[in-house]
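**Student:**
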Amino acid sequence: MDQDTPAEGETRGPLDRERLGAELAGRAGLSRIEVVDEIGSTNTELTRLAGAEPDAWGDLAVLVAERQTQGHGRLHRAWESPAGASLAVSILLRPHNTAGRPLPTQSYSWFSPLAALALREALAQVAGIESALKWPNDVVVDGLKISGILAHLAAGAHGEPPGVVLGTGVNVSLREDELPVPTATSASLAAGRPVDRTALLVRYLEEFARRYRSFCAVNGNADAPLEGGRSLLSRVQDATITLGRRVRVELPGGRRLEGRATGLDGHGALQVVEDDGERHAVSAGDVVHLRPADGGYA
């Protein structure tokens, strides 16, 4: 298939709002799901709504846009795509454990990788695509970025700790000539066929809600066994292709370090060992996967 043209039969019609209605909300345990035609940024708007209307926007409330005009990723990088070619969805989290107590805010760093695991499963089930996590917030297919996940703090409801707005952007039907950078891909390109945006979104929301409730049930402890017996930390480490690689990390403030990524700590920080043996726990930064054989990077 010529990757500069859409897959045969590909359409960019609107999301099926009937499949994204009350039946899905009830089945997945979502408190609310709203689909709008166009918006600046789902994360920005849902963060505003969380503070302005806390009773109307509770835990697992979802805002989806057919098109974003001011979407952004890490470090405020612009994220745009043609109408109907991507998913832009934000989920409001007001996490509590089974005893009704708010989760420790230290556990919030795990929501992005938890979402990445949910999307990884949705891509496999809906599109037959095998994907992986690239620390800290990307989902990749064969090293090419298919999705980015961005978390913002939001106002807590009625004096409770802050909530989290978790935004996910997924390239679904972008052609090769429409990709924002050469290191990106889309679901239709990776699968070699059209991918149903609505089906992908439905599965992602179902998977995320299930995993989120399981994580809340262990009070946000990434080391605790979840359904199936394995911890979130273990699952994320297994799915993260950054680990075991030589990396360069661009740190806030213009600093950088280079070494081998050896694992994640209990807060999701990347553990990097430099050549002199010095160890670092990196909680924020842009990671480049180095290729020693040719001096390149990914």
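Under numbering that gives the first Met the number 0, think of the first position of the sequence shown as 0, with each following residue one higher.
Every residue, glycine too, gets a C-beta built ideally from N, C-alpha and C.
Between the C-alpha atoms of ALA186 and VAL271, what's the straight-line distance to the nearest angstrom?
**Tutor:** Looking at the two C-alpha atoms, the distance is approximately 31 Å.
**Student:** Nearest-angstrom Cα distance between GLY262 and HIS151?
**Tutor:** The straight-line gap from Cα to Cα measures roughly 24 Å.
**Student:** Label ALA60 either buried or exposed according to how many other C-beta atoms from any shown protein chain fall within 10 Å of its C-beta, with 16 as the threshold for buried.
**Tutor:** Buried.
**Student:** Where does the unbroken beta strand (DSSP E) through ASP36 begin, and where does it stop?
**Tutor:** 31-38 is the extent of the beta strand (DSSP E) around ASP36.
**Student:** Consider the C-beta atom of GLY142 and the heavy atoms of the ligand SAH; say whether any pair is separated by less than 7 Å.
**Tutor:** Absent from the structure shown: the ligand SAH. Ligands present: none.
**Student:** Please report the distance separating the alpha-carbon of PRO101 from that of GLU159.
**Tutor:** If you take the alpha carbons of PRO101 and GLU159, they lie about 8 Å apart.
**Student:** Rounding to the nearest angstrom, what Cα-Cα distance links TRP109 and GLY267 in this structure?
**Tutor:** Their backbone Cα atoms lie some 6 Å apart in a straight line.
**Student:** Going by DSSP, which residues form a beta bridge with GLN270?
**Tutor:** According to DSSP, GLN270 bridges with GLY262 and ALA280.
**Student:** Just to confirm the assignment: which complete alpha helix (DSSP H) runs, minimum length 4, are found wholly within the region 226-250?
**Tutor:** Complete alpha helix (DSSP H) runs here, min 4: 231-238.
**Student:** To the nearest whole angstrom, what separates the beta carbons of ARG196 and VAL171, a pair I think is in contact under 8 Å?
**Tutor:** Sure, about 5 Å apart at Cβ, within 8 Å.
**Student:** Tell me which residue opens and which closes the beta strand (DSSP E) that ALA60 is part of.
**Tutor:** Segment 60-67, the beta strand (DSSP E) holding ALA60.
**Student:** Can you name, in chain order, every residue of its own chain whose Cβ lies under 6 Å from the Cβ of ALA154, other than the five neighbours on each side?
**Tutor:** Closer than 6 Å at Cβ, skipping near neighbours: ALA49 and GLY50.
**Student:** Take the Cβ of GLU205 as the centre, count every other Cβ of all protein chains shown within 10 Å, and call the residue buried at 16 or more, exposed below.
**Tutor:** GLU205 comes out buried.
**Student:** With a cut-off of 8 Å on the beta carbons, I'd call VAL249 and GLY284 a contact; round off their distance for me.
**Tutor:** According to the sequence shown, residue 249 is Glu rather than Val. Indeed they touch by this definition, with Cβ atoms about 6 Å apart.
**Student:** Since VAL125 and VAL194 are thought to touch, with beta carbons under 8 Å apart, how far apart are those beta carbons, to the nearest angstrom?
**Tutor:** Right, the Cβ-Cβ distance comes to about 7 Å (below 8 Å), so this counts as a contact.
**Student:** In this structure, does DSSP put ASP275 in helix, strand or coil?
**Tutor:** Coil, per DSSP.
**Student:** Please state if the CB of LEU86 and the CB of LEU200 are separated by a distance shorter than 8 Å.
**Tutor:** The answer is yes: Cβ separation under 8 Å.
**Student:** Return the residue from the list PRO179, LEU232, ASP264 and ALA21 that minimises the CA-CA distance to LEU116.
**Tutor:** Closest option to LEU116, Cα to Cα, is LEU232.
**Student:** Using the rule of at least 16 other Cβ atoms within 10 Å of the residue's Cβ for burial, across every protein chain shown, is THR184 buried or exposed?
**Tutor:** The residue in question, THR184, is buried, as its Cβ has 16 or more Cβ neighbours within 10 Å.
**Student:** Just to confirm before moving on: does the CB-CB distance between VAL246 and VAL180 stay below 8 Å?
**Tutor:** No, the pair does not count as a contact, with Cβ atoms beyond the cut-off.
**Student:** Rounded to whole angstroms, what's the CA-CA distance from ARG244 to LEU289? Just pull it up for me.
**Tutor:** About 7 Å.
**Student:** Please list, in chain order, all residues of the same chain as ALA280 whose beta carbon is under 7 Å from its beta carbon, the five residues on each side excluded.
**Tutor:** The answer, listed in chain order, is ASP264, ALA268 and GLN270.
**Student:** Please classify SER146: does DSSP put it in a helix, a strand, or coil?
**Tutor:** Residue state, collapsed to three classes: strand.
**Student:** Which residue from ARG209, ASN218, ARG254 and GLU277 puts its Cα closest to that of ARG26?
**Tutor:** Nearest option by C-alpha distance: ARG209.
**Student:** Do you know whose CA, among GLY166, LEU92 and ALA84, lies nearest ASN136's CA?
**Tutor:** For ASN136, the nearest C-alpha among the options comes from GLY166.
**Student:** If you follow the beta strand (DSSP E) that LEU86 is part of, which residue opens it and which one closes it?
**Tutor:** Looking at the DSSP string, the run of the beta strand (DSSP E) that includes LEU86 is 85-92.
**Student:** Mapping the DSSP letters down to three states, classify PHE110 as helix, strand or coil.
**Tutor:** Helix, per DSSP.
**Student:** Which same chain residues end up closer than 8 Å to GLN105 when comparing Cβ atoms and leaving out the 5 residues on each side of it in sequence?
**Tutor:** Same-chain partners within the cutoff: GLY219 and HIS266.
**Student:** Once DSSP output is grouped into helix, strand and coil, what is the label at LEU23?
**Tutor:** If DSSP states are grouped into helix, strand and coil, LEU23 belongs with the helices.
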